[in-house]
Structure formats: C-alpha cells, structure tokens
Ligand code: BGP
C-alpha cells in the first residue's frame, strides 16, 4: 500500500466516438472524415479513399458497436468504480453535413441517454467536442478547417451541445490532440484537410504547401477553441473547458549541444506551440522564427489576437504513451523507423508498434507543463497497446498492461508529490476499440475485451480482463493499492 491520491481525484477511462461507436450511418448520422479511412497494419498504413468502396474495410463503420452496447459498457465502467468517463461526440451525428441549420434530434437523444446514465452512476463525463473527425461534407465542400467559415459551424455545434447538456456535462475539451496538425502531417485527421485519393493517413514528410495549410487550419481551430471557451462560460458558469495536447516528451540523444538544440525545437513545436496559444492566449515568441523559416504566411483578421487572449482554457489535458529521442544526426533519426521519427533510446523498451515505455517521462512532462502554465492538469490518455489472448476458459491475463499502468500511476503520484496540480487520470481505450494510427482492433488498450478482430469476425461480446479487476481495486483504494 502506498499513500492514497488526493480526495476527489478523477479516475476513469477514455474513448472516442469514431473508434468505438460504429453505427456510422444510423439514425441520421452523416459520414465523417474517419469513416473514409481504411483498415491497416503497422507495415501497411491506413489510407484515405475519396469515395467509399464496396470491397474495402472501414473500421469505424462498426468499430466496437458501442452505439448498441452503451448500456452494458457504462455498467462495466461503473463496476470498475469510475467517477469520470472521457468520451467524444461525433459531430456528424449532431450535424450530418456540418453546416446544417438544425441539429439531428436522434443524435442529441443518443448522447443525452448516455449522459443521464452517467449521472445516475455518479460518473462525470469529460467530453471531447472534436476527436479526430470532421463531417466529411465539410472536407468536400470547404476543404475542412482551411476555410474560416468552419469556425462558425463548429460554434453552432458547440452551442447546441452546451445548451442541450447544460445540466449533465461540465468538462469539455475543444479538440483532441490539436498539435497533430504540427506533427506527422496530421491535417486530414485533425482538421479534415483534403488528401489525394489513396494517400496514407500519416506521413512525416511534409511539403511547404501542406505545412502552410496545416498552420492556417490550426489558426482557425485556435480561434474556434477560444470562442468555444467563452461560449461555454457564458452558457454555464460551471463549465470547465480544457485543451488537449498529444504530450510528446523528448530527450536529446546525446549531450552534444546540437542534439540538445534539435530537441528543444521539437519540444517547442510539438508541445508548447499549441499549449501556449490555448493556455496563455497568444502565439509564442518562437512562432515568428518558425513561420519565417518555413515560409508560412498566416491569413489573420483584425480581432483574432484579442479572441485568443479572451479564450484561455481552464485546464490543460494531454495524452501520454511514450517518449521520443531527438538527434541532429539524420542517419540516427531515420534508423528508428517508427511513426514519430525519433532515434531509439537505449534505456527504454519498445512495443511491437515501436512505442517506448517511459513512466519517468510522464513525471517529467507533468512537471514541465505545470511549471510552464500553473493551471490544473489532467492525463486524459495513457496506456499500452498490445495483443491480447483469450484463454479457453474466457480469461485475458493482461499482466503486461497492469505492469505498464502501475508504473504510470506511480509516476503521476510522484508528480503530485512534486507539487503538480493533477486532477484526473483517464487511461485510453478502456473498452477495446479501433486503433487510430493503424486501424487495427488487434492493438488493444482496454480493461474490457471486445470480441471483434481485423477480419471482421466476432460478436462484440464484452469480457472483463484481469486488468479490469486490478483497476477496480486501484480506484477503490484511491490509488493506494497498486
Ligand atoms: C491518440 C489518440 C487516440 C488513440 C491513441 C492511441 O493519439 O487521441 O485516438 O487512438 O492515440 O493510438 P493508436 O490508436 O494509434 O494506438
């Protein structure tokens, strides 16, 4: 037994609509950008298709079928003792095209039922308003977030959510991993920017034109986020709105100052750039230099900077899975061969998907973030993607997952002892769901197993894993019994 966590600490788990719900075209839902992306593997990347192809597998179309299993799923979360649940709303379930005048009532009803059940269980929802999906129509007609008019469509959607769920939801996140637009050419995933038919979903080689578009779209998302914060506060003074950043702790490969500088730049652009705008309400000083170096010219309008200043978030949330290592030596950087384009860290172990396990990195990151911003912090994604085996008697002995989570919970506990105002922890994919990066079901994170595989077999049956009972114990003891 160690010392318990602070009283009122938020314990839960996290999911995203397009990765768990399925029912992609049911009850009036329009297609989202996520619905146009094929399955894949680590070696064979997911691809975007401009039109749906009948002979192609699109994992989001059925995902884990949460749409028809949500009662059972919430009951399982309740059994684990969750007092919070981070989930997202599919924008195209509420506004099928994105620019519709009126919302789709069936979509609103679906989420209301979920939030009411959460309330009955004493589970506080943390809702991501846009998690890696945009109504696909907005991509086709407006080029996604490249078009400034999308800000108003997003705000109409936000207003609908804030008014409809005023009595049920108090924590909101404006965009999942907003910095994906800077990392890995994630413009399609993060902002619905058009891709060529057949393009891979992620690509670390970015052209100047793509970069220009990503930063322009990002500027629009910053404005939308800042407006949404103000709107949320106006509609309900109890609303708390956070940013959500892909936390990318990185280290220099060596003490060579050239490596240290490369790493500092990576930390600035991958982490601090978006956090600074959303928490401090202004572009950081290093933006100017970066824009000049990369020939980026942002189109801004009068009043934009004031909007950013007026819409600072209330808390900082982030995802953390692994750390990266940076080097000025291009041969080392390329030899790593993983998605995040770093060098291999000789002190860490890597998963089959090339992600390192580094709980100390989480503690470091928490301290850095809190030192920089000084506002409450939440870890809203963390976990180990792994293959699970079901034994003949229906058990899943995921000791590797327990080991990973235990070390990370110890790390967050240590960060709290360091003085960080950390208020919640929601491990990723608490119920198995589709992996965003690879499109696989095989890369599982859950405490609850979902009977579904990448050959589209399985009946979506839910099975608690060994980690389910372990996490229940963790929550019951408020983090003292790991
Ligand atoms: C984060 C995303 C999630 C999630 C997670 C795990 O970046 O916010 O949507 O999927 O990563 O990544 P993956 O699914 O690729 O294993």
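Numbering (the numbering used here), first residue to last: 93 to 574. Beta carbons: idealized from backbone N, C-alpha and C, even for Gly.
- For residue 520, the Cβ falls inside the 7 angstroms cut-off from some heavy atom of the ligand BGP.
- Leaving aside the five residues that flank residue 247 on each side, the residues in its chain whose CB is nearer than 6 angstroms to its CB run, in chain order, 319.
- Among the bridge pairs identified by DSSP, residue 292 is matched with 139.
- Nearest in C-alpha terms to residue 552, of all of 154, 102 and 99, is 154.
- Between residue 407 and residue 453, the C-beta gap is not smaller than 8 angstroms, which leaves the two residues out of contact.
- About 7 angstroms separates the beta carbons of residue 530 and residue 138, which is inside the 8 angstroms limit, making them a contact pair.
- With respect to the C-alpha of residue 418, the residue from 385, 343 and 214 having the closest C-alpha is 343.
- Exposure of residue 484 is indicated by the presence of fewer than 16 other C-beta atoms within 10 angstroms of its C-beta.
- Per DSSP, the beta-bridge partners of residue 218 are 178 and 263.
- Counted as a single uninterrupted DSSP element, the stretch harbouring residue 190 is not any beta strand (DSSP E), since DSSP gives it neither H nor E.
- Sequence-distant Cβ neighbours of residue 467 in its own chain, meaning closer than 8 angstroms and more than five residues away, are 371, 405, 406, 407, 408 and 513.
- By the criterion of at least three beta-carbon pairs nearer than 8 angstroms, the stretch 374 to 381 is not in contact with the stretch 345 to 353.
- When secondary structure is reduced to three states using DSSP, residue 451 falls in the helix class.
- When DSSP states are grouped into helix, strand and coil, residue 103 belongs to the strand group.
- Ranking 202, 522 and 446 by CA distance to the CA of residue 554 puts 522 first.
- The nearest non-hydrogen atom of the ligand BGP is less than 7 angstroms from the C-beta of residue 224.
- If you draw a 10 Å sphere on the C-beta of residue 146, you find fewer than 16 other C-beta atoms in it, and that means exposed.
- Counting C-beta pairs closer than 8 angstroms gives fewer than three between the stretch 290 to 308 and the stretch 356 to 367, which falls short of the contact rule.
- Going by DSSP, residue 248 is part of no beta strand (DSSP E) but of the alpha helix (DSSP H) stretching over 241 to 256.
- Per DSSP, reduced to three states, the secondary structure at residue 332 is strand.
- Closer than 7 angstroms to some heavy atom of the ligand BGP: that describes the Cβ of residue 535.
- Looking at the DSSP output, residue 344 sits in a beta bridge with 418.
- Two segments are said to touch when three or more pairs of C-beta atoms, one from each, lie closer than 8 angstroms; by this definition the stretch 215 to 233 touches the stretch 178 to 193.
- The beta carbon of residue 558 sits closer than 6 angstroms to those of 489 and 490, all from its chain and outside the five residues before and after it, given in chain order.
- Between the stretch 277 to 297 and the stretch 324 to 331 there are fewer than three C-beta pairs closer than 8 angstroms, too few to call the two in contact.
- Closer than 7 angstroms to some heavy atom of the ligand BGP: that does not describe the Cβ of residue 277.
- Pairing residue 545 with residue 507 gives a Cβ-Cβ distance that is not under 8 angstroms.
- Within the stretch 489 to 544, complete beta strand (DSSP E) segments of at least 3 residues are found at 514 to 517 and 540 to 542, given in chain order.
- Contact between the stretch 119 to 133 and the stretch 195 to 203 is present: three or more C-beta pairs spanning the two stretches fall below 8 angstroms.
- At the C-beta level, residue 281 and residue 224 come within 8 angstroms of one another.
- In the DSSP assignment, residue 124 is bridged to 227.
- Beta-carbon to beta-carbon, residue 444 and residue 337 are separated by about 26 angstroms, too far to satisfy the 8 angstroms threshold.
- Ranked by Cα distance from residue 398, the options 457, 478 and 314 are led by 314.
- The C-beta of residue 390 has fewer than 16 other C-beta atoms within 10 Å across all chains shown, which makes the residue exposed.
- Here residue 185 has 121 and 199 as same chain residues with Cβ atoms under 6 angstroms from its own Cβ, once five neighbours each way along the sequence are excluded.
- With contacts defined as CB atoms closer than 8 angstroms, residue 434 and residue 400 fail to qualify as a contacting pair.
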